[in-house]
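Protein chains in written order, with our numbering: chain A, 1 to 372; chain B, 1 to 372.
Glycine included, C-beta positions come from ideal geometry on N, C-alpha and C.
Here it is, written out as structure tokens:
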């Protein structure tokens, strides 16, 4: 018999928002709207698609492991030297390399319960010790996290806005937190929802902290540029940290089409503007209907919000009745918030459909509770 | 100052075959032929390209983490249950997950010097102890490897044919080796060049060993299907091993276009036949010219062969003079064979060009040696 480490046996397979295909197979539905995975409802940047179609003939070649052209482009766009930039196959991959490069067996990695599950999965699969502080008012308890720092703590992970609650940490609070973190502890600051959050004047922009030697900032092209299926994210940090990450990365990532897509998408400024317009309109519709129905939800700075129910049973019932009606939302038991259900903004058409379904399901559940 | 593990600091960045773009930038050359990375000279499967173009509009969606359609297709094609199949972002990624899932800090991982560097890189970056047995006649010394097994040995890696030497381990020899490996040691059997090697009747087909609980077989779509730039490889093994790998994989891999490309490419049988025809013709041209010139090379069962020079200096000179003339080959110092240079088969046109350059460079080096 093979010897398999105990922490590997205990890993729980990742469960994402249900793919549209899967629901269609299971229920035979024709009209399905998915607002479960914080995807960009406009689809991918059209300029990215043209670049992909133009580049397919070279797919038999391995990608340049130095990502020369991509780094040049990112360097110009973000006004940073190329040696402070690390592109890889999405934030999940980047987190995996961060855990591998900056911690060893026995080290403690610190974060919050109720945050991005990609963090926890990658900590667990390398057998590191995960220390999680409970959420406070659905946001990070930064003082609680500071109190848990020990001499074994190597990395702290903060997603701002937090996923799945959408709550924002403000600039003053985050500055004060960073000032109290010891210099030998790495802070991973995940700005996956930067496009949406930076509409808020109080949002602490990660790139303003790169003078600190212990900060890595994460961004992604999955959401704002509509390229989730291609897998590409970027980390920014001081050159020594980035050098270590580059040495642990797989040799040929991001894949060739992902690199071409990002090169083109970064020029597509109009697409980002349209993305924000549609998001803002949809989120306004969602929140005003939730208010009207008297549903509880978090005041999110991101492209999603979290609905809160009295208990896990009602949350599951709501989630499952939405599925029956062709609306895919995200149940949050695996995030540690079993009474929460996450919904992201959509096109106006998708939002109208979603709110019709939600109103019906909400009414049905409320009536059933009154009868009981 | 951040605490960075010593084994991370020591990692050497991966150096691939020089990309065509890079050589063009450096030397201002217009005609460049790359036979350095064992790529398919025919380009990607045309059926795969059509599938990619048809699938780009959904790139804003995350890929199905269960790889439902891809697994169905692979299951039918390889006549194996889906739970014995593990697709991921290329063999490099698969090796990374194997090391993470089936070994811990302090364990010994066993292989050969002068084999695929993707193995060594992934062992080193997770801080495992690498034990390498020297090559014997440019092939694995299987008895030497068996002799190095200790109670700390967890995994043995064998690439057949070996990369970069191209040497084949025959069926009888491999069977006898597997019979002597303890049941609690995992054998990773890398068949990246299966298409080419299986023309040899004596080639031990990996899928015939899946009744063993300690064997994982690796295949790739990078070479035979011309999809290196998209990143997709597959591991086969017993269901328990595959389950552990699935739990350690990143949630959304292979990327969406890679999955669509493979779904289509697997129906493109004509492409594989043409690939073999061109390869066989090119390899015949290469070997007969090398014989004519009196150059030493390995008798490879793969889509590449290794040229051998008197010493590292001459190998470097040869490699660098080929570059100056627009021919990219692969120097093998990083593989631990500093007097070797690897060349893969190309189209007939590429092969003619390559042999012209090689003849000229060989003549020039030989004359210089005579004068000295």
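Query	Result
List the endpoints of the continuous beta strand (DSSP E) containing residue 267(B).	It is not in any beta strand (DSSP E) - residue 267(B) carries neither H nor E in the DSSP assignment.
Mapping the DSSP letters down to three states, classify residue 318(A) as helix, strand or coil.	helix
If you measure from the beta carbon of residue 292(B) to each beta carbon in chain A, is any gap under 8 angstroms?	no
Along the chain, which unbroken stretches of the alpha helix (DSSP H) at least 4 residues long are found entirely within the region 163 to 232 of chain A?	171 to 180 and 194 to 197
Pair every Cβ in the region 200 to 209 of chain B with every Cβ in the region 171 to 178 of chain B, then say whether three or more of these pairs are closer than 8 angstroms.	yes
Using beta carbons (cut-off 8 angstroms, strictly below), is residue 72(B) in contact with chain A?	no
Cutting at 6 angstroms between CB atoms, please list the residues of its own chain near residue 190(A), excluding the five before and the five after it.	159 and 218
Using only the alpha-carbon positions, how far apart do residue 119(B) and residue 145(A) sit?	38 angstroms
Count the other C-beta atoms from every protein chain shown that fall within 10 angstroms of the C-beta of residue 351(B), then say buried if there are 16 or more, exposed otherwise.	buried
Can you check whether the CB of residue 234(A) is closer than 8 angstroms to the CB of residue 87(A)?	yes
Under a three-way DSSP split, which group does residue 340(A) fall into?	strand
Any idea what DSSP makes of residue 50(A), helix, strand or coil?	helix
Check the Cβ-Cβ distances between residue 44(B) and every residue of chain A, and say whether any is below 8 angstroms.	yes
To the nearest angstrom, how far is it from the Cα of residue 201(B) to the Cα of residue 301(B)?	11 angstroms
Can you tell me which of 79(B), 181(B) and 53(B) puts its alpha carbon nearest to the alpha carbon of residue 258(B)?	53(B)
Quick one: which chain C residues come within Cβ less than 8 angstroms of residue 56(A)?	Considering every chain present, this structure includes no chain C. Its protein chains are A and B.
With a threshold of 7 angstroms, establish whether the CB of residue 43(B) neighbours any heavy atom of the ligand ZN.	The model depicted lacks the ligand ZN and carries no ligand whatsoever.
Could you work out which residue in 248(B), 262(B) and 368(B) is closest to residue 103(B) when comparing CA atoms only?	248(B)
Residue 195(A) and residue 272(A): beta carbons closer than 8 angstroms?	yes
Is the shortest distance between the beta-carbon of residue 127(B) and the beta-carbons of chain A less than 8 angstroms?	yes
For residue 31(A), which three-state DSSP category applies?	coil
Quick check on residue 229(A) - is its C-beta less than 8 angstroms from some C-beta in chain B?	yes
Assuming the contact rule is C-beta atoms closer than 8 angstroms, residue 339(A) and residue 309(A) should be a hit. Round their C-beta distance to whole Å, please.	5 angstroms
Nearest CA to the CA of residue 363(A): which residue from 344(A), 289(A) and 346(A)?	289(A)
Just to confirm before moving on: does the CB-CB distance between residue 109(B) and residue 131(B) stay below 8 angstroms?	yes
My parser needs the alpha helix (DSSP H) runs of 4 or more residues fully inside the region 47 to 91 of chain A; what are they?	68 to 78
Going by C-alpha to C-alpha distance, which of 67(A), 24(A), 32(A) and 10(A) sits closest to residue 253(A)?	67(A)
Give the DSSP bridge partners of residue 331(A), in chain order.	341(A)
Below 9 angstroms between beta carbons is the criterion; list the residues of the region 160 to 191 of chain A that meet it against any residue of chain B, in chain order.	183, 184, 185 and 186
Tell me which residue opens and which closes the beta strand (DSSP E) that residue 132(A) is part of.	129 to 133
Pick from 323(A), 243(A) and 337(A): whose alpha carbon is nearest that of residue 30(A)?	323(A)
Which residues, in chain order, does the region 90 to 109 of chain A contribute to contact with chain B at a C-beta distance below 9 angstroms?	90, 92, 93, 96, 97, 100, 101, 102, 103, 104, 105, 106 and 107
Taking 8 angstroms as the threshold (C-beta atoms), are residue 161(B) and residue 335(B) in contact?	no
Measuring only between beta-carbons, confirm whether residue 4(B) sits less than 8 angstroms from chain A.	yes
Mind checking which residues open and close the beta strand (DSSP E) that includes residue 153(A)?	153 to 159
Taking the Cβ atom as the reference point for each residue, do residue 70(B) and residue 262(B) lie within a distance shorter than 8 angstroms?	yes
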